[in-house]
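Undergrad: Before I ask anything, here is the structure I am working with.
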Amino acid sequence: MSEQNDLVKRRFEELEEIKAHGINPYPHRYDVTSDSKAIITSFTDPQNEEETEAQKQVTVSVAGRIMAIRKMGKATFCHIKDSTGKIQIYLKRDDVGEDAYGIFKLLDIGDIIGVKGFVFRTKTGEVSIHAHSFELLCKTLKPLPVVKEEITETGEKIIHDAFADVELRYRQRYIDLIVNDHVKEIFIKRTKIIQSIKRTLEDQKFFEVETPTLQSIYGGANAKPFVTHHNALDIDLYLRISNELFLKRLVVGGFDRVYEFVRDFRNEGIDRTHNPEFTQVEWYQAYGDYFDSMNLFEEVVEKACIAVNGKPEATYSGTVLNFSSPWKRVRMVDAIKEKTGLDVTNTDKAALIDFMKANNYEFDPKIAHSKGLLIANLFEVACEEDLVQPTFIYDFPIDTTPLCKPLREYSMQQLEEMKKDPEQVIYAERFEPYAYKWELGNSYTELNDPVLQRKLLEEQVERGRGGEEETHPLDEDFLNAIEVGMPPTTGVGLGVDRLVMLLTDSQSIRDVIFFPLMRPQ
RNA sequence: GGGACCGUAGCUCAGUGGUAGAGCAUCUGCCUUUUAAGCAGAGGGUCGGUGGUUCGAAACCACCCGGUCUCACCA
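Heads up, the working numbering is the position in the first sequence plus 26, with the first residue counted as 1.
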């Protein structure tokens, strides 16, 4: 049960005292007629006695949480906070009555009250409410961290004793939100970003859908899943690592433009940019290719940035990122050539490995069988760190994904010959958008050739049996859908949490997720 | 999983071997336009946990718990 320190004990005593006065400390409702922001922005100073008197006749009713109390004998100032901001309340014994004033003395920082009164400006210049009456709406039992704000003569706001313990902030986010204004701002921006993305997609006639979180076969990405169990069916199920294969089924079913915001779950490490559950938006557009997706991706992000920052620029860790379209577009092999000087298109695999070893570009020996994977690896270790301004990297080796179409420039015969030669790298119409060195998403001209699709997925399963981790089991029903026929299609996945981080200058993914995963205490 | 660092009052933090401190918050008194309100006084701690070293541990050592950063992992 709750620990009984002196502060809590005292509040229980106050609670009993309030009840003893016949007051319900937890009433059912309260009529709110205004809010702190509206009151402060709409206030105009009276020009004469008449106007002053007239203002006193107008009663407002507000409600909020007490954030500061300054008792001065028979009068008290306090600040209450509502969802729009803070406003000062001026409360005199002679106005509210001796009994009520006595009750007010039993209130604490954190308690929620309703106040009725008129608006005025104090001697020191703050627009405030002169209370006729107040009503206790919730007596609180736990003390709130005391955070004090000082406004300097230059108008700067200094926060004293900020509630800063990161662990406590994440574990008790409700307290974080109450006392740290900037935290609430970030989450308001998060929602605005999501709304903006939806608006951009809806304007382009994309249709919002919902697909399963619980899946009997996981796929669409390369990641370790969370496993759970369904009792009635007595089967193991997986929490989705991606919704890609289901959205494609819907395109097969005739939904030409679909999108879904989903929580994906990946059973992997936790760090500054990874949480086990995270949010992605994926959209699929029939009859388009990956260039269409680049265009739309730029538009989606630029508009989201404007929605929260008022301009297509965001400052992250002191670096100004310009999301104005068009973004830079660079082929992966060109990015490698520019950075390392190596033209991988006329380098054989052995020479590539030598080059990487000679230049200390690390790679996992398990990928050494594939020239394509080596190239993708070289790109990651050599080039990613330079991708600060928004950039599309495109044309990935096909070995990096089984779900993407090869480049259109290959003839069918050429492709057949290339497949036989391990020195030949087939490139696929895949791109990844980068900003501040992070992958912001992933996109393909989707593979809709059922024969090649089956072959690539079967190869992946084979590699899985060969010990390569994190490949997924063969999804026969998905292959069936592709055999039923999917129109030419392009699809995009966008990492919402990382985008929110970039647009709100947040240093950890935990700062943009209300309740990040923490080890239970 | 490796490495570095952190855990002291409700909150923010000082305290490096001699028995626990400050500011805010809380409580009492004064104060009817204050705003980090002020003035005077008071209470509040198993110093993350367990073991060890020592005459003596918040401090030193070991292990454990929780966290932060970082590396590894991560399409």
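Each residue gets a CB set at the ideal place from its N, CA and C atoms; glycine is no exception.
Give, in chain order, every unbroken run of the beta strand (DSSP E) that is at least 3 residues long and sits entirely within the segment 346-413.
TA: If we require 3 residues or more, the beta strand (DSSP E) runs fully inside the segment 346-413 come out as 354-357.
Undergrad: Going by beta carbon distance, what residues of the same chain come within less than 6 angstroms of residue 465, once the five residues before and after it are set aside?
TA: Within the same chain, residue 465 has close Cβ partners 458.
Undergrad: With a threshold of 8 angstroms on Cβ separation, who are the neighbours of residue 39 within its own chain once the five nearest residues in sequence on each side are excluded?
TA: No residues qualify anywhere along the chain.
Undergrad: Express the C-alpha separation of residue 429 and residue 441 in angstroms, rounding to a whole number.
TA: If you take the alpha carbons of residue 441 and residue 429, they lie about 16 angstroms apart.
Undergrad: Among 264, 205 and 178, which has the Cα closest to the Cα of residue 187?
TA: Comparing Cα-Cα distances from residue 187 to each of 264, 205 and 178, the minimum goes to 205.
Undergrad: Taking 8 angstroms as the threshold, find out whether the segment 239-259 comes into contact with the segment 340-353 through three or more Cβ pairs.
TA: No: fewer than three Cβ pairs fall under 8 angstroms.
Undergrad: Any chance the segment 121-130 sits against the segment 164-175, with 3 or more Cβ pairs inside 8 angstroms?
TA: No: the two stretches stay apart, fewer than three of their Cβ pairs being nearer than 8 angstroms.
Undergrad: Residue 592 and residue 335 look like a contact to me (Cβ under 8 angstroms); what is the Cβ gap, rounded to whole Å?
TA: Because the chain is modelled from 27 through 547, residue 592 falls outside the range shown and cannot be assessed.
Undergrad: Counting Cβ pairs closer than 8 angstroms, one from the segment 302-311 and one from the segment 517-536, do we hit at least three?
TA: Taking 8 angstroms as the limit for Cβ pairs, the verdict is that the segment 517-536 does touch the segment 302-311.
Undergrad: How should residue 45 be labelled, buried or exposed, when 16 other C-beta atoms within 10 angstroms of its C-beta is the threshold for buried?
TA: Under this definition residue 45 is an exposed residue.
Undergrad: In its own chain, which residues sit with a C-beta less than 6 angstroms from the C-beta of residue 78, not counting the 5 before and 5 after it?
TA: Taken in chain order, the residues that qualify are 72.
Undergrad: Which residue marks the beginning of the beta strand (DSSP E) containing residue 140, and which one marks its end?
TA: Here the beta strand (DSSP E) through residue 140 covers 138-147.
Undergrad: Have a look at 61, 59, 42 and 60 and flag the residue whose alpha-carbon is nearest the alpha-carbon of residue 52.
TA: Of the listed residues, the one whose Cα sits closest to residue 52 is 42.
Undergrad: Below 8 angstroms between beta carbons: does that hold for residue 159 and residue 174?
TA: No; because the gap between Cβ atoms is not below 8 angstroms, this pair is not in contact.
Undergrad: Just how far apart, CA to CA, sit residue 540 and residue 213?
TA: For residue 540 and residue 213, the distance between alpha carbons rounds to 8 angstroms.
Undergrad: Would you kindly report the start and end of the unbroken beta strand (DSSP E) that includes residue 444?
TA: Per DSSP, residue 444 belongs to no beta strand (DSSP E); it is in the alpha helix (DSSP H), 438-446.
Undergrad: Can you tell me whether residue 104 is buried or exposed, with buried defined as 16 or more other CB within 10 angstroms of its CB?
TA: Classification of residue 104: buried, given that the 10 Å Cβ count is 16 or more.
Undergrad: Secondary structure at residue 36, three-state DSSP: helix, strand or coil?
TA: Three-state result, residue 36: helix.
Undergrad: Starting from residue 92, trace the beta strand (DSSP E) both ways and give me its first and last residue.
TA: Counting along the chain, the beta strand (DSSP E) containing residue 92 begins and ends at 86-98.
Undergrad: Please classify residue 460 as buried or exposed, where buried requires at least 16 other C-beta atoms within 10 Å of its C-beta.
TA: Residue 460 comes out buried.
Undergrad: Checking the sheet assignment: what are the DSSP bridge partners for residue 297?
TA: Its beta-bridge partners are 300.
Undergrad: Is it right to say residue 83 is buried, meaning 16 or more other beta carbons lie within 10 angstroms of its own, or is it exposed?
TA: It is exposed - the Cβ of residue 83 has fewer than 16 other Cβ atoms within 10 Å.
Undergrad: In or out: residue 150 buried (at least 16 other Cβ within 10 Å) or exposed?
TA: Burial call: exposed.
Undergrad: When you compare each of 216, 427 and 467 to residue 482 by their alpha carbons, which one comes out closest?
TA: Of the listed residues, the one whose Cα sits closest to residue 482 is 427.
Undergrad: For residue 449, which residues in the same chain have their Cβ closer than 8 angstroms to its Cβ, ignoring the five residues on either side in sequence?
TA: Cβ neighbours of residue 449 beyond the five flanking positions: 374, 375 and 397.
Undergrad: Give the single residue among 402, 252, 157 and 138 whose Cα lies nearest to the Cα of residue 123.
TA: The shortest C-alpha separation from residue 123 is found at 157.
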